[in-house]
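Visitor: As numbered in the UniProt record's numbering, residues 1 to 698 make up the sequence shown, in order.
Okay, handing you the structure first.
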Amino acid sequence: MAGTTALPLQEFIASLDNTCLPKILQVCSGVYFQGSIYELSGSEVCFSTGDLIKVTSIELQSVCCEDISKNEKFELPINHTGLFKVVPEDMPYSTIEEMMSLRPVGLESCLPFTFTNRSKMTLDNFTLGAGKTLTVLSIKSSEGEEDQVRCSVQGEQGASAEVCIPLNFRGEFHEYENKEDFTLQEIMSSPCLRCRKFRFTKTTKCDQPLVLSPIYQVQAIMNLRKNILKFPSSLEVDVVDVTDVCTDVNFVTPLSLTEVLSQPDESFPSVVEILEGPGSRSLFKCYWVPEMNKSQQLIFHRKGNTPMVLVSSLKGRKAQQYFMVSQHYGGRFRRRPREFNSVYELHVALTQAPGLRVSVTRNCEEVEEEGLPALSVGDQLEVISCKRVELPCEGTEGQKQSVEALFCQRLQEMDDDDDDDDEEEEADFKRENHREEIFLPLYMQGHFVEVLTDNKKYRLRDLGKQFKLPLDVKVVGRDTELEPDPLVGFPCLRIEGAMMEPTIQASFVHRPDHCFEIPTQWLSMSVSFTKDPLPWPNQEPPTCHLDTVTEVTDTFIYEFRKKGNSDEAPPPRPPKRNLSSSTLPKKTSKPSKKGQPKADKQKQRSDKSTPTKEMGDLNLNSKKRPPAPPPPAMLGDEPPPVIPRKQSGAEVTTGKAKPNTYVRLEDSKRTGEALSADCTHAHTHTHTHTHITATQAN
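Put into structure tokens, the structure is as follows:
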């Protein structure tokens with residue numbers, strides 16, 4: 001380190017850019033512990049005096065703003081939207097060129113620029129007194145002549161004049177506060193502006209001049225460590241540049257998987273060590289991802305590009321699963337019919353592969369007012385093309401609207417009662433069979449299933465050559481090299497897309513013959529090549545068994561679809577319904593083609609499901625509620641009838657049916673009148689007896 005000047009780490013890193021890296025630095029002051037104090041990046045980093053640090057990359061993270069008057073510091077993110085003005089330096093400049101050298105690189109974009117002269121200026125035939133304010137409008141450059149600045153000077157009575165001043169004209173000049181504003185990005189990208197002082201343009205947070213210093217995130221490695229270090233450039237340590245004198249120092253070279261692909265073919269096979277694993281949030285559900293921990297060794301056999309397809313299981317009771325399958329997969333597939341839940345899905349399938357034939361799986365009633373045809377279960381449709389047709393508009397008689405619709409041909413079938421075993425007559429019937437032309441609007445709902453006549457078995461590579469994706473298939477022959485084959489057992493699999501993936505064929509050291517492919521675009525990890533010997537004798541690699549199926553997560557599917565997202569138009573909207581129309585669309589069921597008996601049965605079922613006229617008339621809004629019955633007539637001063645006493649439990653006869661109280665109503669009335677008469681007679685007898693007793697006493 002003799003003859004080398006030590007600089008603070010922040011100042012040294014600010015003078016670098018990624019084009020001059022890597023740089024080897026040596027710590028020359030103190031010990032710095034990171035992690036226990038700042039807990040940056042979740043790891044502890046210790047710098048001691050004499051440590052060698054190899055800086056591999058830097059990234060601008062934030063800006064440190066220092067208020068010199070108050071000795072206060074605060075940080076702003078690099079994407080801060082506030083603007084800053086240059087604070088003029090209170091110092092004289094001897095030439096205009098010296099003053100202009102502090103302007104940013106794109107000088108023309110920062111003009112006009114204003115300054116003042118403190119001394120008298122005498123030009124060819126023009127004299128300017130001291131204290132004038134001049135504004136630089138442009139710079140004039142002529143070949144063979146000295147560069148000049150074209151300035152505007154303001155007169156005493158508001159008049160202005162232009163004058164050209166050579167850049168090397170000597171005098172005493174002072175910078176004047178200008179109107180131009182700068183962002184943090186512009187200030188940090190200009191070495192001339194970075195050394196100036198600034199203040200906020202429109203804020204009251206801090207009105208004092210500020211010194212702006214960039215803070216970088218430094219990525220580096222050390223000669224005695226294997227992990228990658230990440231720390232801010234604001235660490236308070238002093239370093240010296242020893243790049244030229246430490247060329248023979250051995251540093252561990254961390255490589256990303258993308259950088260491994262750029263290595264020459266002679267580097268494979270080789271033993272590598274994992275410096276940073278893929279992390280806990282992996283996009284893959286496979287056995288080898290959890291084993292890729294720090295300091296784990298792998299064997300990289302070869303690199304290359306592997307054609308793959310993305311396969312998914314259909315939605316059902318179980319959770320949907322997704323797989324990346326290499327085209328080296330040895331199983332056999334058989335095509336499965338696709339299901340469509342709308343006419344628009346038929347349109348999308350037609351654009352991908354013409355010649356589509358489907359069968360209707362759910363009845364669809366005809367709507368005459370909207371031009372929707374009737375579809376019955378079992379109808380076979382041959383989808384021809386997509387056309388724009390005129391269909392009637394609901395609620396308006398005679399008016400039509402132009403919509404996109406699928407032009408289809410409905411294949412007519414013979415009735416069940418007319419079946420004939422004679423093959424010759426059946427062939428003649430098929431030749432004479434005509435096709436009905438119908439139009440299905442793209443917004444129409446429907447349920448269809450693809451009609452397939454192909455029963456062949458295909459390899460994965462043949463499916464991609466003969467058919468367009470997406471494609472529904474089923475595994476009918478497992479891959480014998482996979483134990484177990486994860487694709488076997490699914491009733492239906494959908495091949496959603498194909499891709500060419502850059503991969504690295506790898507294996508663990510303890511199982512060198514069991515290989516798997518690492519998709520380098522979807523896995524982030526850091527490794528380093530080692531000089532350890534390969535775990536097989538006499539340089540004879542074993543026969544490798546390759547895992548061709550890798551299960552992926554839902555996050556992978558989201559990223560994959562986002563990466564290949566196309567600007568496809570959304571499905572068309574159905575036409576707006578006329579809410580003011582009082583008539584509902586007339587739905588008519590299409591008569592069955594299977595013969596009259598089946599039509600009669602459908603009619604009987606429809607009659608049973610239709611409410612009767614009497615039930616339809618029971619509407620609260622159609623009739624008024626009947627009035628309440630009149631109150632019973634009161635019989636003058638007569639007391640109300642006495643209700644008969646309730647019989648006790650012993651008197652009640654045990655019977656299953658309750659006694660009819662309505663037929664004994666007259667008996668109850670007569671019993672009540674008798675009881676009333678008895679009560680009156682008893683009251684009269686008591687009153688007479690009391691009167692006689694009182695007379696005798698007198």
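Just so it is clear, CB atoms sit at the ideal spot from N, CA and C, and this is done for glycine as well.
1. Taking 8 Å as the threshold, find out whether the region 482–496 comes into contact with the region 351–370 through three or more Cβ pairs.
2. Just curious, the beta strand (DSSP E) that P214 is in, first and last residue?
3. Could you check what DSSP says for G464 in three-state terms: helix, strand or coil?
4. Between S295 and chain C, is the shortest Cβ-Cβ distance under 8 Å, so that the two count as touching?
5. Sort S524, E436 and H545 by Cα distance to T480 and report the nearest one.
6. Can you give me the C-alpha to C-alpha distance between P191 and L16, rounded to a whole angstrom?
7. Answer yes or no: do K132 and V153 have a C-beta to C-beta separation smaller than 8 Å?
8. If contacts are defined as beta-carbon pairs under 8 Å, then P441 and V403 qualify, I think. What distance do you get, rounded to the angstrom?
9. Are the region 185–199 and the region 165–177 in contact at 8 Å, needing three or more beta carbon pairs?
10. Would you check if the distance between the CB atom of L460 and the CB atom of R435 is smaller than 8 Å?
11. Taking the alpha-carbon of S151 as reference, which of F113, G371, R118 and G144 has the nearest alpha-carbon?
12. State buried or exposed for P232, treating a residue as buried only when at least 16 other CB atoms are found within 10 Å of its CB.
13. With DSSP collapsed to three states, give me the class of D17.
14. Using alpha carbons as the reference points, say which of F407, T548, Q539 and P373 lies closest to E517.
15. Which one of G171, P512, V136 and H514 has the shortest CA to CA distance from A130?
16. Restricting to Cα atoms, I'd like to know which of L523, K197, E501 and V348 is closest to Y443.
17. On the DSSP bridge list, what partners appear for residue 708?
18. Please report the Cβ distance between V271 and I299, rounded to the nearest whole angstrom; I am assuming they are in contact, meaning their Cβ atoms lie under 8 Å.
19. Should N117 go down as buried or exposed, given a rule of 16 or more other Cβ atoms within 10 Å for buried?
20. Tell me, which residues are paired with V27 by DSSP?
21. From what residue to what residue does the beta strand (DSSP E) around F556 run?
22. Taking 8 Å as the threshold (C-beta atoms), are V239 and Q26 in contact?
23. Could you tell me how far apart the beta carbons of L210 and D67 are, in whole angstroms, since I believe they sit closer than 8 Å?
24. Beta-carbon within less than 6 Å of Q10's beta-carbon, same chain only, minus the 5 sequence neighbours each way: which residues are those?
25. Buried or exposed, going by whether 16 or more other CB atoms sit within 10 Å of the CB of S101?
26. Under the three-state reduction of DSSP, which class applies to residue 700: helix, strand or coil?
27. Alpha carbons only, please: which of Q297, L83 and N293 is nearest the one belonging to F200?
28. In the DSSP output, which residue or residues are listed as bridge partners for C386?
29. Whole-angstrom Cβ separation of S62 and Q208, contact assumed at under 8 Å?
30. Between which residues of its own chain and I13 is the CB-CB distance below 7 Å, once the five residues before and five after are set aside?
31. Along the alpha helix (DSSP H) that carries I187, what are the first and last residues, could you check?
32. Using the Cβ count rule (16 or more neighbours within 10 Å means buried), how would you classify Y287?
33. Which value, in whole angstroms, describes the spacing of the CA atoms of R225 and A506?
34. Work out the CA separation of G355 and C408 for me, nearest whole Å.
35. I need the DSSP call for Q154, collapsed to helix, strand or coil.
36. Determine the extent of the beta strand (DSSP E) in which V163 is found, giving its start and end residues.
Guide: In this structure, then:
1. No, they do not touch.
2. Counting along the chain, the beta strand (DSSP E) containing P214 begins and ends at L210 to M222.
3. helix
4. Here there is only one protein chain, and chain C is not present.
5. H545
6. 11 Å
7. yes
8. With a Cβ gap of about 5 Å, P441 and V403 count as contacting.
9. no
10. no
11. Looking at the sequence itself, residue 151 is Cys, so the reference to Ser does not match. Here the closest residue by C-alpha is F113.
12. buried
13. coil
14. T548
15. G171
16. V348
17. There is no way to answer for residue 708, as the model of the chain reaches only from 1 to 698.
18. 6 Å
19. buried
20. V239
21. Run containing F556: none in the beta strand (DSSP E); it sits in the alpha helix (DSSP H), D554 to K563.
22. yes
23. 6 Å
24. S233 and S234
25. The residue in question, S101, is exposed, as its Cβ has fewer than 16 Cβ neighbours within 10 Å.
26. Limits of the chain in this structure are 1 at one end and 698 at the other, which puts residue 700 out of reach.
27. L83
28. L406
29. About 20 Å; that fails the 8 Å criterion.
30. These residues qualify, in order along the chain: I58, Y216, V218 and S233.
31. L184 to M188
32. exposed
33. Answer to the nearest angstrom: the Cα atoms are 25 Å apart.
34. 11 Å
35. strand
36. Segment S160 to P166, the beta strand (DSSP E) holding V163.
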